[in-house]
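To keep things clear, I will list the structure first and then write my remarks on it.
In this note's numbering, the protein residues as written are 121 to 256.
So, in structure tokens, the structure goes:
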């Protein structure tokens with residue numbers, strides 16, 4: 121698999137853990153958007169696009185965030201811990217929309233994204249810097 125293009129949009133607030141959004145194009149034919157570059161406790165990492173998981177109110181059927189304490193439809197109190205747990209026992213609040221199947225693919229994607237991120241950080245230091253448009 122060839123990663124034919126990586127676009128990086130830096131986040132302006134330097135104090136945030138979220139450092140940038142990016143998109144990658146594979147083989148010049150398939151794009152994955154809304155990839156995040158995040159500063160973790162052991163350095164930068166790439167978070168694939170995800171969606172917040174939700175469930176439905178047992179009374180009215182309205183869709184609710186798993187963190188919601190009350191139903192957005194009927195206002196009734198919801199059961200407290202409705203999340204599924206991962207292998208480490210942490211609550212699973214997000215599900216990946218797209219993700220690599222194996223570690224080799226993940227490493228290839230992460231290496232390309234972090235290389236492009238560092239290049240964009242360097243470009244941003246110049247006074248005539250124009251941020252990239254991820255949607256063009």
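Glycine included, C-beta positions come from ideal geometry on N, C-alpha and C.
### Query
When DSSP labels each residue in this structure, what does residue 153 get in the three-state scheme?
strand
### Task
Please name the residue in 226, 245, 243 whose C-alpha comes closest to that of residue 144.
226
### Message
Between the alpha carbons of residue 181 and residue 203, how many angstroms are there, rounded?
### Response
17 Å
### Query
How many angstroms separate the CA atom of residue 209 from the CA atom of residue 167?
20 Å
### Task
Alpha carbon to alpha carbon, how far is residue 196 from residue 177? Give it in angstroms, no decimals.
9 Å
### Message
Measuring straight from C-alpha to C-alpha, what distance separates residue 179 and residue 217?
### Response
29 Å
### Task
Please determine, among 128, 146, 147, the residue with the shortest C-alpha to C-alpha distance to residue 138.
128
### Task
Specify whether the segment 240 to 254 and the segment 184 to 193 touch according to this definition: at least 3 beta carbon pairs, one from each stretch, less than 8 Å apart.
no
#### Entry: residue 128 in three-state terms, based on DSSP
strand
### Query
Per DSSP, what kind of secondary structure is residue 159 in: helix, strand or coil?
strand
### Query
Rounded to the nearest angstrom, how far is the Cβ of residue 158 from that of residue 165, given a contact under 8 Å?
6 Å
### Query
With DSSP run on the structure shown, which of helix, strand or coil describes residue 253?
coil
### Backbone secondary structure at residue 238 - three-state DSSP
helix
### Query
Of the residues 236, 250, 249, 134, which one's Cα is nearest the Cα of residue 124?
236
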